[in-house]
Amino acid sequence: MAAGAPAVVRVAPDSAPTSFPPLAAPLRFPHRAGMPPLSTFARHACPRHSGGLREQGRRVIGALLFAAAALLASPVRADTIEVKSADLRAEEDGYYLNAEFEFALNPTLEEALQKGVPLYFLLEFELSRPRWYWLDEKVLTATTQYRVAYNALTRQYRASSGLLGQTFTSVDELERFLSRVTSREVARRDQLATGMRYEAAVRLRLDVNQLPKPFQVNALASREWTLQSEWHRWSFTP
29 MAAGAPAVVR VAPDSAPTSF PPLAAPLRFP HRAGMPPLST FARHACPRHS GGLREQGRRV
89 IGALLFAAAA LLASPVRADT IEVKSADLRA EEDGYYLNAE FEFALNPTLE EALQKGVPLY
149 FLLEFELSRP RWYWLDEKVL TATTQYRVAY NALTRQYRAS SGLLGQTFTS VDELERFLSR
209 VTSREVARRD QLATGMRYEA AVRLRLDVNQ LPKPFQVNAL ASREWTLQSE WHRWSFTP
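Counting from 29, one number per residue, gives the positions in the sequence shown under the working numbering.
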């Protein structure tokens, strides 16, 4: 073998080395600038150090569940309109509704009117016939819509229903107008059978579905945007 030539180790085909020589030094991976050392990743991946993160997550989830439970446990209650009286009066050509309510616009609704937001109120009437063998038969329904708006130039309130309208100089006058229903026709003579008992029901409410979209969202979470009465029911026999 010539001097300086590399040594060549020949291994027979049927033989293999049984062991390798030990490494002179442990393996070291190069560290690139700007990257955290591997020990940092190992520390965050270790369950012993991730317990604090899990505890914080449990606290956040618990707080969210508590807030949701509190919201469900305390539903929004509406401002109520009291029904003082209601009756049906028979005339030659039909049946007429008389009703009296007691309510007042809260400051939020008054402010909305003065800022140009119209309010819509619904007077709803139902007449049904009781049946012992099945659900009550709904004979007829009647709905009257009132649109209430404020004119900043004339400083007057206007309540309109269909083609009819009336103006008022104060909120008190507007409330008195909405509180009284006089001789409102709800049925013709031929629609009801003489001597048969019927169940009548009436209510007055603010129609939140007619509000602009942002105010509809507020109505879901604030009682100040929900104004309505319960159904007032009584028996009526023509």
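Note that beta-carbon positions come from the ideal geometry of N, C-alpha and C, so glycine has one too.
Here the structure is a predicted model, which is why all the values come from computation and not from measurement.
Leaving aside the five residues that flank Leu141 on each side, the residues in its chain whose CB is nearer than 8 Å to its CB run, in chain order, Leu133, Leu147, Val176, Ala177, Tyr178, Tyr185. In this structure, Thr171 is the residue among Gln238, Phe129, Lys112, Thr171 with its C-alpha nearest to the C-alpha of Val214.
Annotation note: the region 189-238 contains the following uninterrupted beta strand (DSSP E) runs of length 3 or greater, listed N- to C-terminal: 192-196, 208-216, 226-234. Following the DSSP letters along the chain, one finds Leu141 inside the alpha helix (DSSP H) bounded by residues 135-142.
If you check the CB distance, Leu232 and Phe129 come in under 7 Å. The region 115-128 makes contact with the region 205-223, as at least three CB pairs between them are under 8 Å. Straight-line spacing of the CA atoms in Thr136 and Arg251 works out to 10 Å. Between Val145 and Ser156, the C-beta gap is not smaller than 7 Å, which leaves the two residues out of contact.
The residue among Glu139, Arg225, Arg261, Thr108 with its C-alpha nearest the C-alpha of Trp160 is Arg225. Annotated three-state conformation of Glu130 is strand, per DSSP.
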